[in-house]
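Input: a single structure, listed below in structure tokens.
Residue numbers (this note's numbering), protein chains in the order written: chain Y, 81 to 867; chain W, 7 to 128; chain V, 7 to 515.
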């Protein structure tokens, strides 16, 4: 059973091979072949993840560090005491992530074969998708921060290329018509915003390495310190002195401190009250941990779309819908949550940073939920909803409810993927309907005018605008039901997955305030509760606008779920819907009414606890649960009453928009609280201006025009004219090509050296000169060395 | 600090710096301070007021190079002659003979060039 | 106050051979332009006269020792012997050229001989240099006319290509020399070779950091002169230039340039830097470097020559290989105990090689057709039946180049190997011996073609011209005489004592 863990490299290798096959052979494989390769790769990864789950369970949840031969001494710089091996870590946390990534990933691969059908860049899409899996798996399986960081950057890059996948499609906008390369701009935005966050993460990593001398989470065979002890289930802020030293306890002043991973070192240093010196600054270990945690948070806000860096995520919906579902809802954006949970020891000892994390998450949850209220685009609603739910997770991690955070992460991956994929089906259907209508119209047109092509450019049709939908329930029954399940789960309706996970977060927040008297806990609970209500409302609004009522356009009337490729898409929805229904029961809170008698409570918490030592199972707060569900139901009903009969008023306005009492709020939400405008005005524009100034004045006017054109080019031209062609061909060319020729010249046999090119000859003289000088100086160095 | 305290070689450094600055400073100042409103006439190559014709990458008459070479030889002669003339007072008879040999060689070269017909511009 | 030299310190008389030649060249330059076209035939004879006068003076004043130009110029048996080698080469080359130019219809271009005189005088200055500046000026005086001469067969493309290549790379090498001189000046504060000697001794004794500078300088000078003598890996220009240049020029370059450059190398290393002996070493620091260069040169030159099918290219590589043997002698001279013996061996080798190689080239010219073809090895087939005398002489020259006893080449090799073994460079000597055997293959290949293979050796001229015949005769006689009377060379070089060790200085005063 232990050996099963050795399979873990496969989760990376399989998608890598899939990617390479599709990269080189994709052209010849055809759609089916490409799809099968990509899906196969993802499925292998998933099977391995399941096997690892079995392995963990069977071996008593002992973490395993797997080394692969060549990479185990990946970075090895003795001079800098820098030893970083490429090790895989199999523990309950990483296996959880692998399951989520590979499970949801495989389903989305299936879905994408239908969704991307007919796209001219079909193979490329699956290359990218597999590449994403490679990096995401790197991120979650690495045993040190550097591998994690590589994965982190890699998924960021994949995100960028996938968002701008349809880079050549001009986006049509109702207001502005064709507005240019919106997709590629969105990709660029995501990339740049993420750089800001990555900068923070990078600094956190530097600090970590500086402090601990290693980046490994745990060394092979090392066990998290706390887990060897009797665990107390209440968070203890100050550790007592009775903490025993780690199994392999090295002295801290040892020159090779890498005998322990960073987390156990942090534990030990906290226990000893150690201080850390950075040059002339000396600070207690707790301060250092707080700094690391805060910088790490900056990275989290970028990757997991938290305030203030969340602005890229809604724009990222420009990518194909499977991408939105996989990367921008289920997996990549949760990397930040994974990072916090992985670094729980740091956050545990940095209460201030944890508080900041909590507030950031809770505020993000609220802001995201609020903005989602005022969106018309079906995917934008889901995007802001994702922002909001990520806020839930981050806030949960902040208050120390790591189980709840991970639980919500996994549950959210399921139902948000379901929703996104469902929205994809809807968009597809509406688009098909639109084309159908166009076709009909054209036919009439032809009949009337005898072959004249319709030149009248009508208003661009947006298949993602919910105002163009309505009444789809009739023509898309299956989709409707699956979507409804996802929406109810998101709204937190018992007994769907979202209920269990969200409820646990709310309860934890309240417990935090109530039991520990921590104000942050109360604030978090308050904000998150309001967010949960908003969630129920906007999901109710969305379902009603999309599926209920009467079709508001011809396109919606002709939408259907039977077009080619849609079958597989809807089947995927079914799988996800089943998952959404059952998943919540893996972590039933103890003391939950009758359910905990029927089903073993907090299975997931127990499982996670073997790795995440500060995670703890939750106790149910029945009051909160009832309150939350009741609130959600009321909000859904409210949405129903507002939207069912009057979905859209005055052509394109929301009922809330025309109501004087809610008009302002809706406008604020619709305008996304002006985040982008604020960024534009205070960051982007000044930055661009500074860039322009530098480019015009410094680079163009001074460096280019003056230094380059006047000083360099003219001088060079003068000299060149003097030297003329022969020298130009010979010496200058020779100097430039010299190095290239060097290899060639050395490789060839002696006779081939005699190429007839002066440059080669000159190079030979030059090499000879080096040889002579080295020969002359060599004995001298030996003599000096001897002395 | 007294300038004489400097290393004797420092003067060469100072000289190099000044030599570099002399062309750079006026051009840079003109570039940085002056307004730039280029138009086709302004950006045209300036060639003593004559309107330029054609490309500058043309084949020059080979005689041009011979003239240039001869000119160069006598240019260098001037470079030698000037310091010689300045320091003549302290040099004495030997230097006089030396420069005569030098001039004689150059004259022979001139004769050679002349006889070879290189001075004829055909 | 500037210290001007007095006329007495110039001591023109000592420098007569070189000086007379350069003055003669300048005068001939003027004479040449005033001569009418039909009288141009006079110029080569005048040039030959100048060379012979200079040669005579060198021989007469063979053992005279003195300094000229305030110690920048030195005359001693070493100088005289170098002069003799160079001047004999020049004289033979003039004879070759008279025939060659007539046949290639370039007779009226008498500036060929002027350039030849200039480059010869540059070589003479090289051998007589007692100052690094003189070495540089002499090197340029040697090189620049050679650049022109290489391209003398214009508008023949190969010739022009050769000239351009030689010029570019030669300029490159000259740069190294100047840089090296600057380094040595920086380390020792002088360019005068005895001054460098003293400075080096002081630096080595005090182990001052200037040692690095000094070694760097030595390295750069070795590179530059190594280029001129075509030592590997600075040899790449040689085959192309030798093939492209007019054959008499090639003949002269392969001998004269080598002699002049080796003379300068010996002067600098043996006169200026013999005391550059690092702690714990028994020979000068440059000796090992030169030994390695010598090994590379011998190996590459001989092995690549095996593959050549063009006689001029073959001789070019053979010339590279011979440079390796001479380098061996120079390396041997780095051992203070061997010192002068190495120098003598190098000069003997140069002398014997001059006769042999010029002879071989003379025959190549004799067989070359007017359009420049006829230089393939296969063109020698069946030569023995058509031109038995030429074939016999060619055989003789080839045997001498191989180093068979009773030829001059054997004597040269003998002395070189002896000095190498005395200096403890046994491995190098073994490499030399082995590569000599390799060399035998390609030299004997020609003999085989001439005698054992059927063919109608395509020969351009029906009759040998007198001048060419004279040249071949002189070369053959030289090769024979030095081969059978080896004591002559021993006598000649006996007086060459230019190495000064610390012990000698201390003992002498």
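Here a beta-carbon is modelled for each residue, glycine too, at the ideal position from N, C-alpha and C.
- Sorting 181(V), 327(V), 407(V) by C-alpha distance to the C-alpha of residue 310(V) places 327(V) at the top.
- Taking the Cα of residue 337(V) as reference, the smallest distance to any Cα among 306(V), 232(V), 260(V) is reached at 232(V).
- Judged by DSSP in its simplified three-state form, residue 51(W) adopts coil rather than helix or strand.
- Within chain W, no residue has its CB atom less than 8 Å from the CB of residue 25(V), the nearest being about 12 Å off.
- For residue 114(W), the chain V residues whose C-beta falls within less than 9 Å of its own C-beta are 32, 33, 35, 36, listed in chain order.
- Using a CB distance below 8 Å, no part of the region 118 to 152 of chain V faces chain W.
- Within the same chain, 245, 249 come within 6 Å of residue 319(V) by CB-CB distance, once the 5 residues on both sides are set aside.
- In the structure shown, residue 47(V) adopts coil according to DSSP, grouped into three states.
- The alpha helix (DSSP H) runs lying completely inside the region 633 to 694 of chain Y and spanning 4 residues or more are 634 to 638, 646 to 663, 675 to 678, 683 to 689, given in chain order.
- Residue 697(Y) and residue 167(Y) have their C-alpha atoms roughly 30 Å apart.
- Under DSSP, residue 169(Y) takes part in a beta bridge, and its partners are 145(Y).
- Under the DSSP assignment, residue 394(V) falls in the alpha helix (DSSP H) whose first and last residues are 394 to 408.
- Within the same chain, Cβ atoms closer than 7 Å to the Cβ of residue 417(V) are found at 354, 358, 488, 489, 492, 495, the five residues on either side in sequence being excluded.
- Distances from the CA of residue 127(W) to each of 69(W), 54(W), 112(W) were compared; the closest alpha carbon is that of 69(W).
- When DSSP states are grouped into helix, strand and coil, residue 363(Y) belongs to the strand group.
- Scanning 410(Y), 479(Y), 216(Y) for the CA closest to the CA of residue 599(Y) turns up 479(Y).
- Residue pairing by DSSP puts residue 222(Y) in a beta bridge opposite 168(Y).
- Per DSSP, the continuous alpha helix (DSSP H) segment holding residue 415(V) begins and ends at 414 to 428.
- Under the Cβ distance rule, residue 316(V) does not count among the residues neighbouring chain Y, no pair being separated by less than 8 Å.
- For the pair residue 291(V) and residue 398(V), the Cα-to-Cα distance works out to about 45 Å.
- In this structure, DSSP gives residue 282(V) a state outside helix and strand, which the three-state scheme calls coil.
- Our two residues, residue 21(W) and residue 334(V), have alpha carbons roughly 47 Å apart in a direct line.
- The distance from the Cβ of residue 254(V) to that of residue 371(V) is about 7 Å, consistent with a contact at the 8 Å cut-off.
- Residue-level contact by beta carbon fails for residue 104(V) and chain Y, as no gap is shorter than 8 Å.
- Residues of chain V with a Cβ closer than 7 Å to the Cβ of residue 22(W) do not exist, since the nearest Cβ in that chain sits about 17 Å away.
- Taking a contact to require three or more Cβ pairs closer than 8 Å, the region 450 to 459 of chain V and the region 404 to 418 of chain V qualify as touching.
- Neighbourhood of residue 37(W) in chain V, by CB distance below 8 Å: empty, with the nearest CB roughly 35 Å away.
- For the set 745(Y), 366(Y), 493(Y), the Cα lying nearest the Cα of residue 431(Y) is the one of 366(Y).
- Within a 10 Å sphere around the beta-carbon of residue 24(W) sit fewer than 16 other beta-carbons, which makes this residue exposed.
- Between residue 232(Y) and residue 385(Y), the alpha-carbon positions lie close to 14 Å from each other.
- A contact is defined here as three or more CB-CB pairs under 8 Å, and the region 152 to 163 of chain V meets this definition with respect to the region 102 to 120 of chain V.
- Against chain W, the CB of residue 40(V) has a partner CB under 8 Å away; the residue lies at that interface.
- For residue 296(Y), the beta-bridge partners assigned by DSSP are 224(Y).
- Following the DSSP letters along the chain, one finds residue 74(V) inside the beta strand (DSSP E) bounded by residues 72 to 74.
- Taking CB atoms only, residue 178(V) has a neighbour in chain Y less than 8 Å away.
- Here residue 306(V) is buried, its C-beta having at least 16 other C-beta atoms within 10 Å.
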